[in-house]
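2 protein chains.
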Amino acid sequence: MKIDRKRLEHSIEELGRIGATERGGLTRLALSDEDKRGRDLLVRWMREAGLRVTVDQMGNIFGERPGEPGRPALMMGSHADSVPTGGKYDGQLGVLCALETIRTLNDHRVRTRHPVTLVVFTNEEGARFQPAMIASGVMAGKIALEDAYNARDKDGLRLVDELERIGYLGAEPCVPRPLRAYLELHIEQGPFLEEEGLAIGVVEGIVAISWSRLTIHGVQDHAGPTPMRIRHDALVAAADVVSGVRTIAREIGGELVTTVGNLTVSPNIVNAIPGKVTLSIDMRDPQDATLDRALPRLDRVVREACEREGVRYELEHYWRVPRTPFDREVVAAIERAARATGAGYRRILSGAGHDAQYMAAIGPTGMVFVPSRDGRSHCEEEFTPMDDIEHGANTLLGAALELAGAL
Amino acid sequence: MKIDRKRLEHSIEELGRIGATERGGLTRLALSDEDKRGRDLLVRWMREAGLRVTVDQMGNIFGERPGEPGRPALMMGSHADSVPTGGKYDGQLGVLCALETIRTLNDHRVRTRHPVTLVVFTNEEGARFQPAMIASGVMAGKIALEDAYNARDKDGLRLVDELERIGYLGAEPCVPRPLRAYLELHIEQGPFLEEEGLAIGVVEGIVAISWSRLTIHGVQDHAGPTPMRIRHDALVAAADVVSGVRTIAREIGGELVTTVGNLTVSPNIVNAIPGKVTLSIDMRDPQDATLDRALPRLDRVVREACEREGVRYELEHYWRVPRTPFDREVVAAIERAARATGAGYRRILSGAGHDAQYMAAIGPTGMVFVPSRDGRSHCEEEFTPMDDIEHGANTLLGAALELAGAL
């Protein structure tokens, strides 16, 4: 049994048109008008595939294909939101490969012991509302529903109000549900599979992640008549921190990655000495212990940079996810399915957070990776060859068949 | 003859309420609704002082007090726009001291040989529309009217459309007019007068200024699965430039000041490696030759930072104003007037650009400075004691009486 490559390709193209950018990418921020249109299309396709569609309190969409009564569902899916000027594979590909798996089961009139449920998670990216993976986080009981509802985008709009506005504030409780397993196909977003000429990554788990937020308070002043000797420039201190964050990765080495992705200057005009800078620090490593070493270094980098410039600061380590190992049985099932496709594969660790991270706290979880060209993602150049997507989708299908128990 | 301190103080307070911020500052961006309300109040006060009010093509407001027919006017004024969360002295104080000077002439029924004209310049700050001092620049023939009209704010709104919207797109040609002299009172925006316990600065000229714009093109990618070895992070290169710009001032020393005031990151989210950064570089020195040495250093700082990170860039030195010496006769008149107040004064150079810079190309020009507490400006803490303001305004009055020729 194989998925229908043409049908899958067509779906990727059609959904990819909603929020498409001129340069081949995608801007479909969570709970935007584009997100609503993407969701509407997916719901239509889910209904056409005979699924019973429900929406929960966090706007997560479920489409259930029945199994034997009383059995926990095999759940598959991903998210449909994107970062600004992102690509059309991140998230959407996992949803569409799961949908294609169900369509293939339908084509072959396969009945399964366990129900098979397609899920589309809300606001995975964290680009519009923070934190990322907020909806699977609520489902896993790691984030309070009220906190999630009160998350605000940069214009001050609340998540709950935007859910209601686009018509996806559902009634189903967003709580853990019995799971046979959770499977998610996703692009690798790193260079390893492509570099090694492999089509499939059998994901063993997700690296440990730490997010910090730094606010630097300098002294806003005129850039002309203020002599250098009396300056307290928030941006000069921030630049020191950006360099220092890079140095932490270089000094600790290994697989540690450190990034300042967000930096905002105030008042941000040519002729004013910056009075305030806020910035983010993202650090990840396969080992929790590495982050335990990196965080005190970050504290020191920030303290020394701010002391040098004579500026005040607040540093907050506000989000930490330990390394998430996936379920041994599920990983093994994915590996068998990958081998059966005949394509090259290897076991791999995910450097990115995914909804699968929270789902692993609810039930047995695993992921399938497909390669990212040049290792790139979260950009318009994001691309995965259709050959690899086909192998990945067939791996998902194979694992689903085994885990759901074809009758 | 002395100005009326109470009346001046009251006017500063009243105008300062329009666009006032909670923390005692001012946000009155050029051609905003607040700017319109500020202008309307000034026009009312100008008419109440018996002035003939006209508005030119750039929205500059003129209020003329007649002199002998055919004589060139003594012009006095400044601007009424502010930077975001700026103070209520920068610009507005110069306009109100000029108005108070005219009110005092009226009180004493003084007739002058030369007409005395109050001027309120449009968009001096350059905070909303670039470049700064755009309207005096057009008047001096240094900026084309069409270019000024097409200047856009960050929301894409054109200056000419905003002029029209607030009702200040006048009919008078914005061209050089015969001038007896141009006088501008302004806050120092630096620490020197306060440090030396002086009330008045007799400004001899304005430092040389250079503005540059840098765009860095990195490779946008996911902050998690992208190993450090393949990164091309636009913000890491930009941080290097910010540090390097500070180093230029330290190495060349003297009175050179260098500032990165504006820096914008794209896509600017926690978990994406910055793909693009734009930033500004502002450099100033009393000597043109110092900037001639600093600019090639800036080129090298940028080139080396971008080479280290493997990123492309465009660097544009888009605005350069040579040192502007003021008119010897006007400066001497201001000095005599300062001495006559009995307050402490000294000759000084302005580190900030002012409309007086362009006016110096049209006619004999000079400026009066009053101290800035802690040298601070372009911030809500901007403050000048009323005692100093009184001495400054009396200096302006004295110089105006001498230059306009009391009959």
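Protein sequence lines, in the order shown, are assigned to chains A and B. Position in the first sequence (from 1) plus 1305 gives the number in the numbering used here. Position in the second sequence (from 1) plus 1305 gives the number in the numbering used here. By construction, the Cβ of each residue, glycine as well, lies at the ideal position given by its N, Cα and C atoms. No experiment lies behind these values; they were computed from the predicted model shown.
Residues of the region 1526-1541 of chain B whose Cβ lies closer than 8 Å to any Cβ of chain A, in chain order: Asp1526, His1527, Ala1528, Gly1529, Pro1530, Thr1531, Pro1532, Met1533, Ile1535, Asp1538, Leu1540 and Val1541. Residues are counted here when their Cβ sits less than 7 Å from a Cβ of chain B; for the region 1486-1510 of chain A these are Glu1493, Gln1494, Gly1495 and Pro1496, given in chain order.
Under DSSP, threonine 1417 (chain A) shares a beta bridge with A:Ala1711.
Per the C-alpha coordinates, the member of A:Glu1451, A:Pro1478 and A:Phe1367 positioned closest to threonine 1359 (chain A) is A:Phe1367. In the DSSP assignment, tyrosine 1487 (chain A) is bridged to A:Met1380 and A:Thr1670. Within the same chain, Cβ atoms closer than 8 Å to the Cβ of tyrosine 1623 (chain B) are found at Trp1516, Ser1517 and Arg1518, the five residues on either side in sequence being excluded. Valine 1425 (chain B) places its beta carbon less than 8 Å from that of glycine 1382 (chain B).
For the region 1688-1708 of chain B, no residue has a beta-carbon sitting nearer than 9 Å to a beta-carbon of chain A. Any Cβ of chain A closer than 8 Å to the Cβ of valine 1400 (chain B) would place that residue at the interface, and such an atom is absent.
For the 8 Å CB-CB criterion, arginine 1344 (chain B) and leucine 1356 (chain B) do not form a contact. Taking CB atoms only, serine 1682 (chain A) has a neighbour in chain B less than 8 Å away. Judged by pairs of C-beta atoms under 8 Å, the region 1529-1548 of chain B touches the region 1488-1498 of chain A, as three or more such pairs exist.
Using a Cβ-Cβ distance cut-off of 8 Å, the region 1689-1706 of chain A and the region 1656-1675 of chain A are in contact, since at least three pairs of beta carbons, one from each stretch, lie closer than that value. With respect to the 8 Å criterion, glycine 1506 (chain B) and isoleucine 1653 (chain B) are classified as neighbours on the basis of their beta carbons. Interface flag for aspartate 1587 (chain A) against chain B is set, since a Cβ pair is found closer than 8 Å. Within chain A, the residues whose beta carbon sits less than 8 Å from that of serine 1655 (chain B) are Gly1529 and Pro1530, listed in sequence order. Among the residues of the region 1434-1467 of chain B, those with a Cβ less than 8 Å away from any Cβ of chain A are Gln1435 and Ala1437, in the order of the chain. Closest option to glutamate 1501 (chain B), judged by alpha-carbon separation, among B:Leu1706, B:Ala1486, B:Arg1678 and B:Thr1409: B:Arg1678. The beta carbons of leucine 1488 (chain B) and alanine 1705 (chain B) sit about 6 Å from each other, so the pair counts as a contact at 8 Å. For proline 1627 (chain A), there are no C-beta contacts with chain B under 9 Å, since the nearest C-beta of that chain is about 15 Å from it. The beta-carbon of leucine 1568 (chain A) is placed less than 8 Å from the nearest beta-carbon of chain B.
Residue state for aspartate 1590 (chain B) is assigned as strand, using DSSP reduced to three classes. Bridge partners of tyrosine 1618 (chain B) according to DSSP: B:Ile1521. About 7 Å separates the Cβ atoms of threonine 1569 (chain B) and valine 1582 (chain B), confirming a contact at the 8 Å cut-off.
Cβ neighbours of aspartate 1545 (chain A) within its own chain (closer than 6 Å, five residues either side excluded): Ala1610.
In this chain, the alpha helix (DSSP H) harbouring glutamate 1339 (chain A) covers 1338-1353. Proximity of arginine 1551 (chain A) to chain B, defined by a Cβ-Cβ separation below 8 Å, is satisfied.
Interface annotation for the region 1362-1392 of chain B against chain A: Val1388, Pro1389 and Thr1390, criterion Cβ-Cβ distance under 7 Å.
Restricting attention to A:Asn1365, A:Val1415, A:Arg1463 and A:Leu1320, the CA atom closest to the CA of proline 1481 (chain A) is found in A:Asn1365.
Assigned with DSSP and collapsed to three states, aspartate 1632 (chain A) falls in coil, not helix or strand.
Counting only Cβ-Cβ distances below 9 Å, asparagine 1411 (chain B) has no contacts in chain A at all, with the closest Cβ about 33 Å away. Here alanine 1554 (chain B) is buried: its Cβ has 16 or more other Cβ atoms, across all protein chains shown, within 10 Å. Looking at the DSSP output, aspartate 1604 (chain B) sits in no beta bridge, so it has no partner there. Judged by DSSP in its simplified three-state form, leucine 1584 (chain A) adopts strand. Looking at B:Ala1403, B:Ser1655, B:His1696 and B:Glu1686, the one whose alpha-carbon comes closest to that of alanine 1325 (chain B) is B:Glu1686. Taking a Cβ-Cβ threshold of 8 Å, none of the residues of chain B is close to valine 1616 (chain A); the smallest such distance is about 13 Å.
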